[in-house]
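These notes are about the structure you will find just below.
Numbering (my numbering), first residue to last: 493 to 639.
Put into structure tokens, the structure is as follows:
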């Protein structure tokens with residue numbers, strides 16, 4: 493029996509670097525700096541991450557509404573967030589997002605939600621402030637643990 497799964501070294505490296513950076517184990521720079529891990533990744537690895545994130549998120553939404561034959565209005569609204577925001581555009585939006593030093597500790601899950609909402613015309617300032625606050629707290633905890 494052969495395994496049909498193929499593990500991409502680039503995708504694995506990006507995933508590992510993002511996990512390590514989020515836990516404060518990233519090499520170089522500030523512990524917990526998600527921006528450094530993102531900026532240090534190549535374009536292909538970024539697209540692979542974005543596609544995997546979107547697919548996983550969508551599968552989660554689908555599996556939570558499988559019982560009903562017709563998707564709920566809420567499920568339709570969640571999927572509508574992704575309309576017109578393809579992987580290449582998301583990578584550019586995330587690149588722009590992490591170019592702002594104030595966003596360096598915002599985790600990718602928050603960043604993905606924020607850039608998708610912003611692309612859809614949603615005001616993200618309140619959520620962005622909260623994401624920055626959470627990221628800074630996590631970074632301080634990771635910095636203390638690294639000592």
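Beta carbons are placed, not taken as given, at the ideal position from N, Cα and C, and that holds for glycine. A quick note: this is a predicted structure, and the numbers were derived from the prediction, not measured.
### Message
Our contact map puts residue 577 next to residue 611 with C-beta atoms below 8 Å; I'd like the distance itself, whole angstroms only.
### Response
5 Å
#### Entry: residue 526, enclosing alpha helix (DSSP H) - first and last residue
526 to 531
### Message
Give me the residue from 603, 605, 594, 531 with the minimum Cα distance to residue 628.
### Response
594
### Message
On a Cα-Cα basis, can you pick out the residue from 632, 590, 597, 574 that is closest to residue 538?
### Response
590
### Query
Hey, how far is the Cα of residue 580 from the Cα of residue 607?
13 Å
### Message
Here's the rule I'm using: 16 or more other beta-carbon atoms within 10 Å means buried, otherwise exposed. How should residue 572 be labelled?
### Response
exposed
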